[in-house]
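Protein chains in written order, with the numbering used here: chain A, 1 to 418; chain B, 1 to 88.
Given below as structure tokens:
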């Protein structure tokens, strides 16, 4: 594989950048693989990469119905954080933060990781107390957390509404300075390029039509481009999890819901952090192109549409304008929707299943993008070793049966309620 | 914007309704032995199908009645709405 470096850049400049290698090949499916990953999004690509890199399993195919990184990997708001209170979530996502920090070097691909910090705003004394508790829990788990008072927040984001007569005054906030953003497409492309170079077949435009399960064991997968014999299958399909589970006669503690995001027209640099509104569900950051990247609530009903309705967008942007009034002056450039695999406690599932050779990775709710490297790493371990790693032990499928829920947000089973 | 025909009030905008989830989920019968599996299926497990989906909505800013709606989860087309105590 051609290494990306300043020297190669200069060298290729002389030939007008016409001789760069393709980043990955367009593979056609073979008859048999050791492992098939279904879903060519971030998690699937990362899983294949870590299977090859950490476990030397390279006879691997990634099967993708559409195009690489075209689902939620291309539809998220690129936020990376590990500001969780529960141990299982904290340890998992902080492990991921470490992988994020090394990712550009590791993949030889600039993922533009920008640890600019995230501020969760608090709008009452009670919320400040809750954030103090969460911040302390984070620090006990070795994650950086800083509690900010009103003046300190004002110093960092003076454009927020600090006037006296607002409905939700800013009391302060909890900041994780090491959180940030990254270029989402580059993450997919970087993993794809490295996985491909180690022998992984990336097969796009290939839909899974069924599974061959014989006496409780995976024997193969049927696709629109032929049948494939395989003993281990990893399911990484986010919002399509329920559809594939149906083909496996499984009913999962997951519902498929619609989440919208949007960007404004590009403006000069104004916001150098990720900020979330504490009196509702709204988050914002500014991209390198200058667009304000915004998101918030789910549309609130089961959907596979990948496009949303205006009432939710209006609701979310109303919160945005309440927090930062200057947003009302901006024109909207694009809005889009993605389909979320909403689990029943708001936390993901990375586990084996009752079918031997079938591994499940789903339930990412709002937080799939930031989990990309840690999810891939632990899922690869689970598939290769046929047992969960201690980092994803809490993300078991049977926790809904045993009662060991990870209800970080305290929303109960209706995680889609806004 | 969805337009939902409330069986009590007529056609109204989505803004007046609140979503209540899968309408086919049945609570296990009272005073009978309930297996863990039955309880999990009631509380957690959902088919969440692509295509026709029977679901509950509440006309929260209108007559406040619960209703049943049959809707396509891929196209958002609404086929039928009935009162909560009717079969859909």
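For glycine and all other residues, C-beta sits at the position ideal for the given N, C-alpha and C.
Inspect the beta-carbon positions of residue i and residue j and report whether they are closer than 7 Å.
i             : j             : result
residue 68/A  : residue 192/A : yes
residue 48/A  : residue 63/A  : no
residue 182/A : residue 77/A  : no
residue 203/A : residue 23/A  : no
residue 96/A  : residue 373/A : yes
residue 230/A : residue 33/A  : yes
residue 286/A : residue 294/A : no
residue 76/B  : residue 6/B   : no
residue 419/A : residue 349/A : Any answer about residue 419/A is impossible in this case: the structure gives chain A only from 1 up to 418.
residue 392/A : residue 402/A : no
residue 54/B  : residue 84/B  : no
residue 300/A : residue 29/A  : no
residue 400/A : residue 44/B  : yes
Alpha carbon to alpha carbon, how far is residue j from residue i? Give it in angstroms, no decimals.
i             : j             : result
residue 279/A : residue 122/A : 8 Å
residue 21/B  : residue 368/A : 23 Å
residue 13/B  : residue 2/B   : 6 Å
residue 50/B  : residue 81/A  : 32 Å
residue 389/A : residue 92/A  : 10 Å
residue 214/A : residue 220/A : 9 Å
residue 160/A : residue 277/A : 10 Å
residue 16/A  : residue 196/A : 25 Å
residue 73/A  : residue 104/A : 17 Å
residue 386/A : residue 223/A : 24 Å
residue 198/A : residue 109/A : 15 Å
residue 52/B  : residue 380/A : 35 Å
residue 147/A : residue 135/A : 7 Å
residue 234/A : residue 71/B  : 31 Å
residue 267/A : residue 284/A : 14 Å
residue 261/A : residue 297/A : 9 Å
residue 78/B  : residue 218/A : 38 Å
residue 237/A : residue 112/A : 25 Å
residue 353/A : residue 172/A : 44 Å
residue 264/A : residue 149/A : 29 Å
residue 308/A : residue 327/A : 21 Å
residue 426/A : residue 357/A : Past the boundaries of the shown model lies residue 426/A; chain A is included only from 1 to 418, so the question cannot be answered.
residue 248/A : residue 210/A : 8 Å
residue 244/A : residue 11/A  : 47 Å
residue 47/B  : residue 240/A : 12 Å
Ignore the nearest five residues each way along the sequence and tell me which others in residue i's own chain have a CB closer than 8 Å to its CB.
i             : result
residue 305/A : 258, 337 and 339
residue 117/A : 175, 176, 177, 178, 179, 180, 273 and 274
residue 242/A : 252, 254, 255, 256 and 341
Just to confirm my understanding: we take residue i, look at its own chain, exclude 5 residues before and 5 after, and list those with CB closer than 6 Å. What are they?
i             : result
residue 375/A : 43
residue 107/A : 190 and 194
residue 413/A : 344
residue 34/B  : 28
residue 324/A : 159 and 160
residue 137/A : 85
Assuming residue i contacts residue j under a Cβ cut-off of 8 Å, what Cβ separation, rounded to an integer in Å, is found between them?
i             : j             : result
residue 251/A : residue 302/A : That belief does not hold up - the Cβ atoms of residue 251/A and residue 302/A are roughly 14 Å apart, past 8 Å.
residue 383/A : residue 289/A : No, residue 383/A and residue 289/A are not in contact; Cβ-Cβ is about 37 Å, not under 8 Å.
Looking only at its own chain, which residues have a Cβ that is under 7 Å from the Cβ of residue i, when we skip the five neighbours before and after it?
i             : result
residue 86/A  : 406 and 408
residue 313/A : 260, 262 and 335
residue 55/A  : 380 and 384
Consider the Cβ of residue i: report whether some Cβ of chain D lies at a distance smaller than 7 Å.
i            : result
residue 24/B : The structure shown has no chain D; the protein chains it does contain are A and B.
Quiz item: For the segment 308-320 of chain A, which residues have a beta carbon sitting closer than 7 Å to at least one beta carbon of chain B?
Solution: 309, 310 and 311
Practice problem: Would you list, in chain order, the members of the segment 243-276 of chain A that have their beta-carbon closer than 8 Å to a beta-carbon of chain B? | Solution: 243, 246, 251, 252, 253, 254, 255 and 256
Quiz prompt | Under 8 Å (Cβ pairs) to chain B, residues found in the segment 290-305 of chain A | solution = Answer in chain order: 300, 301, 302, 303, 304 and 305.
Quiz prompt | Selection of the segment 1-19 of chain B by Cβ proximity to chain A, strictly under 7 Å | solution = Those residues of the segment 1-19 of chain B that come within reach of chain A (Cβ to Cβ, closer than 7 Å) are 1, 2, 14, 15 and 19.
Self-check item: Chain-ordered residues of the segment 333-356 of chain A with a beta carbon less than 7 Å from chain B
Solution: Residues of the segment 333-356 of chain A with a C-beta atom less than 7 Å from some C-beta of chain B are 344, listed in chain order.
Practice problem: Taking a Cβ distance cut-off of 7 Å, strictly less, list which residues of the segment 394-409 of chain A are near chain B, in chain order. | Solution: 400 and 401
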